[in-house]
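Following UniProt numbering, the numbering of the sequence shown begins with 1 at its first residue and continues without gaps.
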Amino acid sequence: MEKIPGELLNDVLASERHIDREKVISDLLDQLVILEEHGLYHDDFRTWNVLIDDNDSARLIDFGSIGDVQQDCSWPVNIFQSFIVFVNEIFCENKSWRGFWRSAPLSPFQLPEPYSNWLTAFWKHPVGEWSFALLQQLFSTKDALPAASSIMDASDLWVRAQEPVLLESQTQIRNTDARVVRLESQINELTSLINIMGESIQTFEKREYPPQDVTTNVQPRIEIEQSKAVDSEEIMRLHTQLNDAQQEIENLRHEIAKIHYSRSWKMTKWYRYAGLQYYLLRQYGFKQRFKHLLKRVLSNVFYFCVHIHD
């Protein structure tokens, strides 16, 4: 099987290699318009589904995501909004945002000119008129379009102000989640270490020494006493390390408890749950997640029926 040449766009962006974004967008619009003319759409338009060759020519891949349904496979569902997020992603690759679904704004208002002018002009059209053909038409005239700031209304300004805040909040939530995972991992490692030290202490404490006749050569007795002294010192050292590890575990559990009892953790419970479900859906697929959900529902029904009869 012949391999398509090029690198994934997300890898290129991560490497900070300079690419011709104008050419990338133009190439992709050409392909999206051709698909649209045949009543087809790519429902997973992401940076990891675009190949970039040495000439910065861009090519859509993952042909299994092409179908006749005009919607994205996940948030934001609207396929044209998803395209706007994609354009934001290739211009804000240096941002440290880590959103639940996508890590770039949904609106065009954070983009540099003339791209903000292009997508703002598109944004201002009624949603019923949105198409990739319109996107391409406006893209070809973007340098002559009015500045985005000159046609923004109060709602647009509100969106532009709120989006970075929302993305930053999501990033903080995900960072907190990651911190909890790290703390729990440290607890598991320390628990394993404590178990190992406990076994070592028991080994030293149970060690038996052969009885010695005091009338015989004193040298073996001296060596045994020295071994006992060494073992005692090792036991004391292990007990000290064990106590330190147990104290560290208590400190880590206290840190996790502070996070769990914080107001921000409680307020963002459903955000984290939604983000987790999206991650699991992408990792395991809809069918596997549906089977998992069905299993949980049946388990709860069985539990309820058993307790009703009791």
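Ideal Cβ placement from N, Cα and C applies to all residues, glycine included.
Might you give, ordered along the chain, the residues of its own chain that have their beta carbon closer than 6 Å to the beta carbon of Gln-31, omitting 5 neighbours on each side? Excluding positions up to five away in sequence, the list reads Leu-60.
Using a Cβ-Cβ cutoff of less than 8 Å, which residues in the same chain neighbour Ile-201 once the five nearest sequence positions on both sides are dropped? Spatial neighbours of Ile-201 in its own chain (CB-CB distance under 8 Å, excluding positions within 5 residues in sequence) are listed in chain order as Ile-235, Leu-238, His-239 and Leu-242.
Just checking my contact of Thr-47 with Ile-4 at CB under 8 Å: how many whole Å lie between their CB atoms? Between Ile-4 and Thr-47 the Cβ distance is about 16 Å, and since that is not below 8 Å, they are no contact.
Since Leu-252 contacts Ile-196 with CB under 8 Å, what's their CB separation in whole angstroms? Contact between Leu-252 and Ile-196 does not hold, since their C-beta atoms are separated by about 18 Å, which reaches or exceeds 8 Å.
Within the chosen definition, does the segment 37–54 reach the segment 141–160 through at least 3 CB pairs nearer than 8 Å? No contact exists between the segment 37–54 and the segment 141–160.
Using 8 Å as the threshold, is the C-beta distance between Asp-68 and Asp-44 below it? In this structure, Asp-68 sits away from Asp-44, with a CB-CB distance that is not shorter than 8 Å.
Do Leu-190 and Glu-248 count as a contact pair if the criterion is CB distance below 8 Å? In this structure, Leu-190 lies closer than 8 Å to Glu-248 by Cβ.
What residue does the alpha helix (DSSP H) around Leu-9 start on, and which one ends it? Going by DSSP, Leu-9 is part of the alpha helix (DSSP H) stretching over 9–14.
Measuring CA to CA, which of Asn-55, Gly-128, Phe-80 and Thr-141 is closest to Ser-107? Out of Asn-55, Gly-128, Phe-80 and Thr-141, Phe-80 has the C-alpha closest to the C-alpha of Ser-107.
Assuming Ile-25 and Phe-139 make a contact with CB atoms under 8 Å, what is their CB distance in whole Å? Between Ile-25 and Phe-139 a beta carbon distance of about 7 Å is seen, short of the 8 Å cut, so the two are scored as contacting.
Beta-carbon proximity list for Ile-66, same chain, < 6 Å, skipping 5 on both sides: Closer than 6 Å at the Cβ level, and outside the excluded window around Ile-66, lie Leu-40 and His-42.
Taking only three categories from DSSP, how would you classify Arg-17? Arg-17 falls in the coil class under three-state DSSP.
Chain-order list of residues whose beta-carbon lies under 6 Å from that of Thr-120 (same chain, five-residue window excluded): For Thr-120, where only same-chain residues beyond five positions count, the Cβ hits under 6 Å are Pro-108 and Ala-148.
Quick one: residues in its chain with C-beta nearer than 7 Å to the C-beta of Asn-117, no 5 flanking neighbours on either side, listed in chain order? Closer than 7 Å at Cβ, skipping near neighbours: Lys-142, Leu-145, Pro-146, Ala-147 and Ala-148.
Unbroken alpha helix (DSSP H) run spanning Val-87, endpoints: Note, Val-87: alpha helix (DSSP H), 79–91.
In the DSSP output, what is Ala-147 paired with across the bridge? Bridge partners of Ala-147 according to DSSP: none are assigned.
Within 10 angstroms of its Cβ, does Asn-88 collect 16 or more other Cβ (buried), or is it exposed? That one is buried.
Do the CB positions of Asp-56 and Asp-20 come within less than 8 Å of each other? Inclusion of Asp-56 and Asp-20 in the CB contact set at 8 Å is warranted, their separation being smaller than that value.
Out of curiosity, what's the CA-to-CA distance linking Val-127 and Leu-134? Val-127 and Leu-134: Cα-Cα distance of roughly 11 Å.
Measuring alpha carbon to alpha carbon, tell me which residue in His-125, Ile-84, Trp-130 and Gln-136 is nearest Leu-111. Looking at His-125, Ile-84, Trp-130 and Gln-136, the one whose alpha-carbon comes closest to that of Leu-111 is Ile-84.
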